[in-house]
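Residue numbers for the sequence shown follow this note's numbering, so the first one is 30 and each next one is one higher.
Here a beta-carbon is modelled for each residue, glycine too, at the ideal position from N, C-alpha and C.
From a predicted model like this one, the values you see are computed outputs, not experimental measurements.
Let me begin by presenting the structure, written as structure tokens, before commenting on it.
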Amino acid sequence: MDSLSPVAAADAVPTDLPAVLDLGYSFCPNDTFIFHALHAGLVGGPLPVREVLEDVQTLNEWAVAGRLPMTKISYRAYFEVMDRYVALRAGGALGRGVGPLIVTRGDVQDLNGRTVASPGALTTAELLLRLVFPRVNVVRMRYDEVMPAVQRGEAGGQPIDAGLIIHESRFTFHEYGLTRLLDLGAWWEGETGLPLPLGAILVRRDLPRDVQRGLNAAVRESLEYAYAHPDAARAYIREHALEMSDEVMQAHIDLYVNSFSLDVGEEGERAVRELHRRAVEVGATRPSARPLFVE
Numbered sequence: 030m031d032s033l034s035p036v037a038a039a040d041a042v043p044t045d046l047p048a049v050l051d052l053g054y055s056f057c058p059n060d061t062f063i064f065h066a067l068h069a070g071l072v073g074g075p076l077p078v079r080e081v082l083e084d085v086q087t088l089n090e091w092a093v094a095g096r097l098p099m100t101k102i103s104y105r106a107y108f109e110v111m112d113r114y115v116a117l118r119a120g121g122a123l124g125r126g127v128g129p130l131i132v133t134r135g136d137v138q139d140l141n142g143r144t145v146a147s148p149g150a151l152t153t154a155e156l157l158l159r160l161v162f163p164r165v166n167v168v169r170m171r172y173d174e175v176m177p178a179v180q181r182g183e184a185g186g187q188p189i190d191a192g193l194i195i196h197e198s199r200f201t202f203h204e205y206g207l208t209r210l211l212d213l214g215a216w217w218e219g220e221t222g223l224p225l226p227l228g229a230i231l232v233r234r235d236l237p238r239d240v241q242r243g244l245n246a247a248v249r250e251s252l253e254y255a256y257a258h259p260d261a262a263r264a265y266i267r268e269h270a271l272e273m274s275d276e277v278m279q280a281h282i283d284l285y286v287n288s289f290s291l292d293v294g295e296e297g298e299r300a301v302r303e304l305h306r307r308a309v310e311v312g313a314t315r316p317s318a319r320p321l322f323v324e
């Protein structure tokens, strides 16, 4: 089974809450857009938050270790930590036309038995890859290293036949001379008719329910503030957007921030349940009776 070991359940309600809650999210424009107002104190919440910025795969691994009380995570990784964390209804990334892409340098059609550069074992992207090509081999690296590896045709001396790209890479892969083999989001939508679950915001299940609900409300309010004051977060987003152009930065926000980011809704819940069901079906994760979202 291609997953990390589950962490132990933690159900006891803590007697003391932290003075400041560490909140992990990525450098990507969709996250900095959503969380700027909360981070900057422009909206309130049950606890002040302190930003912890990292790439999503690192946040996935930290969640398995239970490192942060509140964190962005891939939905695939969420299935490994459901004993410890519960997803907020706000702040996540689901949608249509938002899926990871498989890109190649040449005429490759069937990836079974071939090697693909992947952004991480616990990414939703790799789970989708394995659902389509169950006998694929993967070499894992940070998401922004995938396209250069495919362009070179190797990574660490190992031949690379294709790459699994996420985030803003879907807007820039042509610059590397790469071609799209498959849009995994389009595959998912065709298979299920549902939006694709990519990322969620988790809080620890041992936080009091009123704190969980308050954090959900605060994240939603932070996003509503961003929509109402589109220039307020611009410098913050630009600071963390690496070498991304303004056009790509805005396209990233427009693609990954949508109505599902305000509230996952009934359709979004069905999509997450279906992704979990399929992951269990192929032996990638375990069944769970835990509620998926903050109640």
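Only residues of its own chain outside the window of five on either side were considered, and among them Gly128 have a CB closer than 7 Å to the CB of Ala215, listed in chain order. In the same chain as Leu291, and ignoring 5 residues on each side of it, the C-beta atoms closer than 8 Å to its own belong to Ala119, Arg249, Leu252 and Glu253, in chain order.
Taking 8 Å as the upper bound for CB-CB distance, Pro148 and Leu213 are not in contact here, some 12 Å apart. Pro75 sits away from Val49, with the two beta carbons spaced by 7 Å or more. Boundaries for Asp84: no beta strand (DSSP E) harbours it, and the DSSP string shows neither H nor E there. Per DSSP, Gly228 is one residue of the beta strand (DSSP E) stretching across Leu225 to Arg233. For Thr208, the enclosing beta strand (DSSP E) begins and ends at Thr208 to Asp212. The three-state reading of DSSP puts Met99 in strand, counting E and B together. DSSP, reduced to helix, strand and coil, places Thr133 within a strand of the structure shown. Comparing C-alpha distances from Glu298 to each of Pro98, Pro320, Leu207 and Ala308 shows the shortest one belongs to Pro320.
With respect to Asp173, Thr144 sits apart: the two C-beta atoms are not nearer than 7 Å. Taking all protein chains in view, the Cβ of Asp60 is crowded by 16 or more other Cβ atoms within 10 Å, so the residue is classified as buried.
The Cβ atoms of Ile195 and Phe62 do not sit closer than 7 Å to each other.
Gly124 is classed as buried because its beta carbon has at least 16 other beta carbons within 10 Å across all chains shown.
Taking C-beta atoms under 8 Å as the contact rule, Leu225 and Trp217 qualify, at a distance of about 5 Å.
For the pair Ala308 and Leu156, the CB atoms are nearer than the 7 Å cut-off.
For Ser288, the enclosing alpha helix (DSSP H) begins and ends at Ser288 to Leu291. No Cβ-Cβ contact shorter than 7 Å links His258 with Pro58. In the assembly as shown, Leu117 is a buried residue. Its beta-carbon has 16 or more other beta-carbons within 10 Å. Rounded to the nearest angstrom, the Cβ distance from Met273 to Glu197 is 6 Å, consistent with a contact under 8 Å. Here Ala92 is near Val110, since their CB atoms are less than 7 Å apart. Remark: C-beta atoms of Arg105 and Thr153 approach each other more closely than 7 Å. About 32 Å separates the beta carbons of Ala146 and Val115, which is beyond the 8 Å limit, so they are not a contact pair. DSSP places Val168 in the uninterrupted beta strand (DSSP E) bounded by Asn166 to Arg169. Going by DSSP, Ser198 is part of the alpha helix (DSSP H) stretching over Ser198 to Thr201.
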